[in-house]
Amino acid sequence: MGSLFVQQENTVVTTVICMAFFSIMLVAIFGAILYGIAKHFLLKYRKQFRFFLCHQKVAAGSLARLLKMELQKRGSRFTTFVDCDDLNDLTRLFSYVGQDTETLVVLASPDILTRKWCVGEICTARIQRVETVVVAFPEYANPDKTFIESYSSIVPDITELANYNLGLVEVEETLRWISTLQTIALPALLTADAVDSLVTDLSGTFKAKSTTASSCPDCIILADLDNLEAAATAYIMLGLLLPKLVGGSHNSMPTVLKKDQKMPKSATSALMICSEGCFRSADVASNLLAVKDLKTCCILPIIAEDGFRFPSQAFYEDLVTNRQLSSLDLQSYVQIIKAIFQEIAVVFSPQNYSSTQEDLELRSKQVVWRLQSGDLKPLSSKLATEVSEPSPEPSVEQPLKPLGQAEQVPKVDERSDLVETANAPPMPDKIEPWESEENFSCATIISQEL
1 MGSLFVQQEN TVVTTVICMA FFSIMLVAIF GAILYGIAKH FLLKYRKQFR FFLCHQKVAA
61 GSLARLLKME LQKRGSRFTT FVDCDDLNDL TRLFSYVGQD TETLVVLASP DILTRKWCVG
121 EICTARIQRV ETVVVAFPEY ANPDKTFIES YSSIVPDITE LANYNLGLVE VEETLRWIST
181 LQTIALPALL TADAVDSLVT DLSGTFKAKS TTASSCPDCI ILADLDNLEA AATAYIMLGL
241 LLPKLVGGSH NSMPTVLKKD QKMPKSATSA LMICSEGCFR SADVASNLLA VKDLKTCCIL
301 PIIAEDGFRF PSQAFYEDLV TNRQLSSLDL QSYVQIIKAI FQEIAVVFSP QNYSSTQEDL
361 ELRSKQVVWR LQSGDLKPLS SKLATEVSEP SPEPSVEQPL KPLGQAEQVP KVDERSDLVE
421 TANAPPMPDK IEPWESEENF SCATIISQEL
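Residue numbers (the UniProt record's numbering): 1 to 450.
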């Protein structure tokens with residue numbers, strides 16, 4: 001409206017202003033087009049995975065899972081390949097390394113170079129010039145000249161890689177190349193700080209300081225921390241439980257009990273990570289004896305490895321003669337172990353090939369439900385019941401029968417993903433109904449030999 005009252009107009013100034021705005025519009029449109037084109041090509045040619053974790057399942061499966069979880073916490077751009085999550089076609093394994101991965105991370109356990117698929121992944125990374133980093137376990141050593149020259153006899157099935165155009169010459173060159181790679185030493189004792197340091201070295205980012213740690217945790221995760229895989233399983237469990245338990249009325253502050261750390265008096269529940277040989281650990285024994293003194297603390301067993309076997313009578317007899325445990329109350333310790341397996345255990349094994357992220361999430365929800373259901377009995381009450389009503393022990397005249405007849409054997413129910421303890425004495429021809437509830441334990445199933 002103001003233009004109606006303008007008596008004079010400067011056509012030169014008006015033209016300059018119009019040309020300036022028109023030029024800005026053209027530049028903006030042209031810049032938006034260039035940005036779209038550049039983004040399209042970046043997305044098209046950017047590799048799918050930032051990291052590929054090359055590992056041996058039995059020795060580093062849980063560590064690989066833990067690293068993937070921690071890397072993805074640092075940012076969505078740190079996509080990480082783990083075979084049990086991302087591999088559906090084995091014939092595409094090496095193409096994932098060569099074409100879809102920016103950095104190959106070799107979790108160098110002692111025997112990784114005897115696994116043909118792991119060696120094939122490393123060979124592919126060398127040939128395709130994929131950045132490669134070695135995370136060396138304490139027992140790992142780079143291959144020497146003797147190992148390389150004898151490799152075909154040490155790993156005879158390595159010739160099968162010829163189907164993927166990887167011959168023995170390429171393998172031997174790769175074994176020499178490994179010693180030239182960037183190496184990150186993994187400490188013997190896996191702690192939360194050690195994992196954070198490793199993830200920082202790989203990603204180049206720093207973890208934000210957490211303020212959720214509590215000085216009075218009530219849910220304690222116990223593990224044989226000298227076993228790296230058991231320790232990794234404990235931290236995986238912690239990572240999955242935290243968002244599900246925090247804010248609850250009880251068992252809301254889980255933590256992994258560190259080595260040489262005393263059992264908190266505030267503990268009301270404990271998760272025992274059962275790995276092979278865990279009950280021979282002096283630290284585990286001391287922690288379980290400490291749980292016994294907490295009147296309201298219950299224990300839920302977690303089966304973390306396929307190699308774990310339920311303790312038998314022979315195991316208990318051998319445990320009593322263990323010199324490393326001679327300073328402890330072994331009689332009470334044996335009773336504690338027996339009391340632990342009165343509860344139905346939960347299978348939680350990240351190193352298994354079938355343990356995808358979704359599977360572990362489901363199993364962690366199962367653990368949460370068990371903790372919050374109120375059905376777990378305190379360890380002290382179980383021990384008191386055993387003292388007042390001792391279970392019969394096999395006599396000398398009746399020696400233990402072979403495994404499967406009188407020895408406790410883990411029995412896995414695949415449908416419910418629970419582990420039950422089978423105690424199988426000789427069965428009568430006719431099974432009579434139970435006379436009282438005292439004869440039946442929720443963790444005991446009588447099975448008949450056919």
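Backbone N, C-alpha and C fix where the C-beta goes; we use that ideal spot for every residue, glycine too.
| query | result |
| --- | --- |
| Grouping DSSP H, G and I as helix and E and B as strand, with all else coil, what is Gln48? | coil |
| Quick one, which of Ala267, Leu241, Ala304 and Phe49 has its alpha-carbon nearest Val58's? | Ala304 |
| Applying the criterion that 16 or more other CB atoms from any shown protein chain within 10 Å of the CB defines a buried residue, is Ser395 buried or exposed? | Its pLDDT being 34, under 50, Ser395 is placed unreliably in this model, and the coordinates cannot settle the point. |
| May I have the straight-line CA-CA distance separating Tyr235 from Glu131, to the nearest angstrom? | 28 Å |
| Please state the DSSP three-state secondary structure of Asp326. | Looking at the sequence shown, residue 326 is not Asp but Ser. Residue state, collapsed to three classes: coil. |
| Just verifying my parser: in three-state terms, what is the DSSP assignment at Pro243? | helix |
| Do you know offhand how far Met19's Cα is from Tyr35's? | 24 Å |
| Using the Cβ count rule (16 or more neighbours within 10 Å means buried), how would you classify Tyr151? | buried |
| Compute the Euclidean distance between the alpha carbons of Thr385 and Lys377, then round it to the nearest angstrom. | 11 Å |
| So Phe147 and Met237 are in contact, right, with Cβ under 8 Å, and what is the actual spacing, rounded? | 37 Å between Cβ atoms; not a contact. |
| Have a look at Val13 and Met25 and give me their C-alpha separation to the nearest angstrom. | 19 Å |
| By the three-class DSSP mapping on this structure, what secondary structure does Gln313 have? | helix |
| When the Cβ atoms of the segment 216–233 are set against those of the segment 60–77, are three or more pairs found closer than 8 Å? | yes |
| For the segment 96–112 and the segment 159–172, state whether three or more C-beta atom pairs, one from each stretch, are separated by less than 8 Å. | no |
| Identify whether Cys118 lies in helix, strand or coil by the three-state DSSP scheme. | helix |
| Evaluate Met263 with the Cβ neighbour count: other Cβ atoms within 10 Å of its Cβ, from every protein chain shown; 16 or more gives buried, anything less gives exposed. | buried |
| On a CA-only basis, which of Phe21, Asn88, Thr80 and Val16 is nearest Tyr353? Give me that one, please. | Asn88 |
| For the beta strand (DSSP E) that contains residue 483, what are its first and last residues? | Nothing about residue 483 can be reported from this structure: the residues present for the chain run from 1 to 450 only. |
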